[in-house]
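Remarks on the structure that follows.
There are 2 protein chains.
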Amino acid sequence: MNITSKSRYAFKIMMDLAHHSIASVGLLDGVIAPSSIVRRSDIAHRQGIPTEYLDQIMMRLRAANLVESVRGRAGGYRLGREALTISLWDIFASVEDNIFPVECVGHGEPCGFENSCITFGPWAEIFDSMRAPLIRMTLADATDKWADELRMSPIGGIRECRGG
Amino acid sequence: MNITSKSRYAFKIMMDLAHHSIASVGLLDGVIAPSSIVRRSDIAHRQGIPTEYLDQIMMRLRAANLVESVRGRAGGYRLGREALTISLWDIFASVEDNIFPVECVGHGEPCGFENSCITFGPWAEIFDSMRAPLIRMTLADATDKWADELRMSPIGGIRECRGG
DNA sequence: AAATACATTACTAAATCGCTCAGGTATTAA
DNA sequence: TTAATACCTGAGCGATTTAGTAATGTATTT
Chain X
870 MNITSKSRYA
880 FKIMMDLAHH
890 SIASVGLLDG
900 VIAPSSIVRR
910 SDIAHRQGIP
920 TEYLDQIMMR
930 LRAANLVESV
940 RGRAGGYRLG
950 REALTISLWD
960 IFASVEDNIF
970 PVECVGHGEP
980 CGFENSCITF
990 GPWAEIFDSM
1000 RAPLIRMTLA
1010 DATDKWADEL
1020 RMSPIGGIRE
1030 CRGG
Chain S
870 MNITSKSRYA
880 FKIMMDLAHH
890 SIASVGLLDG
900 VIAPSSIVRR
910 SDIAHRQGIP
920 TEYLDQIMMR
930 LRAANLVESV
940 RGRAGGYRLG
950 REALTISLWD
960 IFASVEDNIF
970 PVECVGHGEP
980 CGFENSCITF
990 GPWAEIFDSM
1000 RAPLIRMTLA
1010 DATDKWADEL
1020 RMSPIGGIRE
1030 CRGG
């Protein structure tokens, strides 16, 4: 399962958006207000992502309907649907080019050696079992479980953190 | 979880050795005969791995005690311990340089932004949950479950299969 | 119309991957 | 003893991918 910086950044972006969606929920009793729009430059600054690189990642997230964009002067981004319905697999798969490092799994292109390859059978099960927890864990899970860590300062941020 | 061709080859190698270990089991009633020694050139030929590249992978597998080598004219390799005690995680981790694509997980080196990083918490759980099935699945599981696919012709093999 | 946002394509330096090459050491059958 | 065959090690290299820049264009709002 190939997870590159695109996935790391995409995850940060979605967590940032989810955090700001939460902040705008429940303004009226029982009413979910529309998620507030977050400027891309704010996300880029807070999460330490080069703005132009963030654009490329946003393009993919948008193509997968994971985010919605609002153009114009007061534009920005918001979540494309509820955080509860967005899995980490959705996020990673939408931005990675080759999330399956084994050709015979995923693309569906037969390599022609299915019957003689000693490891053809196992790989499908291996990736299924690795993908399962990613499908199970949602963006809402992540924001809820690590809510304490979501205290993002409006300025500053975490530019130098190359990990998460 | 980075899985490159080193893992793919290593998996093939271990499956090949496991298959030939099985073949030498039970020669005497209730007695496990020592695993037969498999020549590296045979493995390379059967599994379609460049011999010199196989050497490098074998070096790592040996360092992790996943294989034993026997030097000399009739030398070769055999499993370092029972297939039942070798997990896929053991195999992949032994040959991959950067199996964790996120720096703050695995190496234990703090990046210094643990308290402000929005995704620091989730990554540890994500990788734990992806690693778990790899730890759970053993080489013996793979050989048992896909025993039908283990009919390896002594000559020929599966050189061209780039996937598994 | 100016400001600010998003959209898109092309390009590139650096790192990694997959593999080759060259040479070495150890062991044993004959 | 010696030839044969195995394993061991490090350097190097082209192709690919990654991560990020740059330049330019389009859309919307104040």
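Chains as they are written, first to last, in our numbering: chain X, 870 to 1033; chain S, 870 to 1033.
The beta carbon of each residue, even a glycine, is placed where N, CA and C say it ideally should be.
- When secondary structure is reduced to three states using DSSP, S:Ser-938 falls in the strand class.
- The C-beta of X:Met-928 comes no closer than 9 Å to any C-beta of chain S.
- Between S:Trp-992 and S:Gly-941, the alpha-carbon positions lie close to 47 Å from each other.
- By the neighbour-count definition (other C-beta atoms within 10 Å, threshold 16), S:Gly-944 is an exposed residue.
- Straight-line measurement puts the Cα of S:Ala-933 at about 41 Å from the Cα of X:Asp-885.
- For S:Ser-963, the secondary structure class from DSSP, reduced to helix, strand or coil, is helix.
- Looking at the DSSP output, X:Leu-948 sits in a beta bridge with X:Val-936.
- Just measuring C-alpha positions, the residue of S:Ser-876, S:Ile-906, S:Glu-937 and S:Gly-990 sitting nearest S:Tyr-922 is S:Ser-876.
- Around the C-beta of S:Asp-959, 16 or more other C-beta atoms lie within 10 Å, and the residue is accordingly described as buried.
- For X:Ser-956, the beta-bridge partners assigned by DSSP are X:Thr-1007.
- Going by DSSP, X:Ala-943 is part of no alpha helix (DSSP H) at all; its letter is neither H nor E.
- Taking the beta carbon of S:Lys-881 as reference, the chain X residues within 9 Å of it are Cys-986, Ile-987 and Thr-988, listed in sequence order.
- Residue-level contact by beta carbon fails for S:Ile-955 and chain X, as no gap is shorter than 9 Å.
- Residue burial is scored here from C-beta neighbours: X:Lys-881 has at least 16 other C-beta atoms within 10 angstroms and is therefore classed as buried.
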